[in-house]
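Heads up, the thing below is written out as structure tokens.
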Amino acid sequence: MGYTGAENQTERGTTVARIKLALVGAGNMGSSHLKDLSKSSSFELVGIADIDEAKLAAHNKAYDVKGFTDFNELFDKTGCEAVVIATPHYQHTTVAIEAFSRGMHVLTEKPVGVHVKDVEKMTTAYNEAKKKKPDLVYAAMFQQRTLGYWRKIKELISDGELGKLVRTTWIITDWFRTQFYYDNGGWRATWKGEGGGVLLNQCPHNLDLYQWLVGMPATVHGFASFGKYHRIEVEDEVTAYMEHADGMVGHFITTTGESPGTNRLEIVGENGKLVFENGELVFFRNRHSMVKQINESQKGFDKVENWKITVPYSSHGESGHRIVLENFADTINGTAELIAPAPEGVHSVGLSNAMLLSVAKKKPVSIPLDGDEFEAVLNDLIKNSTFTKDESDPGRAGDLSKSF
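As structure tokens, this is what we get:
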């Protein structure tokens with residue numbers, strides 16, 4: 000059941016050749032992408048690379064696709080034009096830079112890199128490759144940007160419905176994970192193998208959405224616990240306080256050790272408050288600006304009259320991963336713009352790095368982050384680590400459909 004179709008019909012009726020696509024990384028997320036690719040008429044999957052030969056054999060049986068244990072050999076022998084990268088985090092940089100050197104389009108899983116210096120290296124390689132191939136496409140798998148509620152929140156903010164923003168608070172503590180989860184796979188939840196914990200594994204989408212919706216802060220003050228709930232060496236609980244140049248403050252609270260958890264986003268502006276929780280988007284809309292009320296009211300406790308409005312939003316009802324994959328193809332074919340350009344991934348990685356750097360320095364840090372300083376801290380954590388993992392069966396990670 001190979002993907003051998005040579006052509007694809009676009010929505011405009013134009014016949015275009017299928018894009019020869021390679022997948023590097025056939026683990027949990029790579030396997031999920033294979034399911035979406037099996038339904039795509041935009042790509043011809045020409046090969047998969049992974050160091051696990053058993054996984055390659057299983058995917059060959061299921062999808063009739065060639066497997067390679069070396070991604071360079073995959074690139075050499077298949078004539079691939081584009082690659083999806085779903086490896087452990089550190090390898091994103093190595094694979095992407097090699098792909099760009101060959102003039103290949105790249106779609107990388109989140110996080111784009113472990114630290115900002117790696118992300119910057121990838122962007123530099125992309126920009127150099129674009130000098131020879133101006134239409135080169137570089138995308139990130141930030142599929143949360145396709146969801147109707149986030150798009151509606153961004154629309155309301157961009158249209159000025161909230162007025163000047165004053166506070167954003169995100170409590171995202173429903174990432175509950177067991178010890179079995181962390182024991183699954185030697186690279187997970189280690190400084191050397193993954194480069195971080197909840198911030199780098201569970202929260203890249205949330206951090207991307209934070210900066211996508213309200214922008215980047217000027218300073219970050221982070222507080223974290225390492226292995227508080229689990230036998231791991233990386234962070235499993237984080238609280239961050241952020242200050243923006245325009246005066247807005249932000250709070251980001253997350254953990255993998257809380258059950259039942261909470262996922263509640265509040266964005267407050269002078270004209271009211273947006274609350275998103277349990278799939279419901281509510282706008283507490285002020286009759287007029289609270290700043291006006293503060294300055295003009297002649298009463299000491301005179302709250303602004305407000306109305307509770309349930310805001311409708313559209314739902315595409317599809318796999319967000321699949322939408323990003325198809326958007327990647329459409330952008331390569333010149334019929335769309337990227338949902339999530341990968342160079343923007345430096346912002347979410349920068350927030351994650353800043354929170355941990357602040358913990359290490361025990362004081363707030365400024366944005367943009369000093370990437371060299373954070374890389375030095377991370378290298379020290381790797382060098383001085385004495386942590387040894389217990390490993391479970393690496394083939395039993397479970398259903399990841401709601402984890403990312």
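Sequential numbering from 0 applies to the sequence shown in numbering that gives the first Met the number 0. Ideal placement from N, C-alpha and C gives every residue a C-beta, glycine not left out. All values reported here derive from a predicted model rather than from experimental measurement.
- Its chain contains Ile47, Leu55 and Asn59 as the residues whose beta carbon lies nearer than 6 Å to that of Gly66, once the 5 sequence neighbours on both sides are disregarded; these appear in chain order.
- By the Cβ neighbour-count rule, Gly278 is exposed, with fewer than 16 other Cβ atoms within 10 Å of its own.
- Put simply, the backbone Cα of Ile96 is about 15 Å away from that of Leu73.
- Taking each of Tyr89, Phe70, Gly26 and Tyr180 in turn and checking the Cα distance to Ala53, the smallest one comes out for Gly26.
- DSSP, reduced to helix, strand and coil, places Glu127 within a helical segment of the structure shown.
- Assigned with DSSP and collapsed to three states, Ser351 falls in helix.
- Buried is the label assigned to Thr167, since at least 16 other Cβ atoms lie within 10 Å of its Cβ.
- Cβ neighbours of Ala128 within its own chain (closer than 8 Å, five residues either side excluded): Phe99, Ser100, Gly102 and Leu135.
- The closest CA to that of Gly271, considering only Tyr312, Glu242 and Leu155, is found on Leu155.
- For a cut-off of 8 Å, the C-beta gap from Gly268 to Lys132 is around 43 Å, too long to register as a contact.
- Gly66 carries a strand assignment under DSSP once its states are collapsed to helix, strand and coil.
- Around the Cβ of Ile381, a 10 Å sphere holds fewer than 16 other Cβ atoms; the residue is exposed.
- A check of alpha carbon separations from Asp389 across Glu232, His320 and Arg286 identifies Glu232 as the nearest.
- Secondary structure at Val237: strand, using DSSP grouped into helix, strand and coil.
- With respect to the 7 Å criterion, Leu368 and Val115 are classified as neighbours on the basis of their beta carbons.
- Bounds of the beta strand (DSSP E) holding Trp306 are Asn305 to Thr309.
- Look at the stretch 32-62 and you find these whole runs of alpha helix (DSSP H), each 4 residues long or longer: 52-62.
- Phe282 is bridged by DSSP to Leu273 and Ile308.
- Inter-residue distance for Lys360 and Met121 is about 27 Å (C-alpha atoms, whole angstroms).
- Apart from sequence neighbours up to five positions away, the residues of its chain that approach Gly196 with a beta-carbon distance below 8 Å are Ala188, Phe225, Ile231, Val233, Glu234, Asp235 and Thr255, ordered along the chain.
- Where Ile266 is concerned, the enclosing beta strand (DSSP E) starts and stops at Asn262 to Gly268.
- Arg150 is the residue among Tyr62, Arg150 and Lys19 whose C-alpha sits nearest the C-alpha of Pro311.
- With contact defined as three or more Cβ pairs closer than 8 Å, the stretch 311-327 and the stretch 31-44 are in contact.
- With contacts defined as CB atoms closer than 7 Å, Leu198 and Ser384 fail to qualify as a contacting pair.
- The criterion of a C-beta distance shorter than 7 Å is not satisfied by Ala353 and Val345.
- If you look at Tyr209, you'll find it in the alpha helix (DSSP H) that goes Pro203 to Val213.
- Of the residues assessed, His320 falls on the buried side of the cut-off, its CB having 16 or more other CB atoms within 10 angstroms.
- Exposed is the label assigned to Arg286, since fewer than 16 other Cβ atoms lie within 10 Å of its Cβ.
- In this structure, the alpha-carbon of Thr309 lies about 6 Å from that of Phe282.
- Boundaries of the beta strand (DSSP E) harbouring Val248: Val248 to Thr254, taken from the DSSP string.
- For Ala81, the uninterrupted beta strand (DSSP E) run begins and ends at Ala81 to Ile84, by DSSP.
- In terms of Cβ geometry, Thr107 and Ala139 form a close pair [threshold 7 Å].
- In the structure shown, the three-state DSSP call for Tyr137 is strand.
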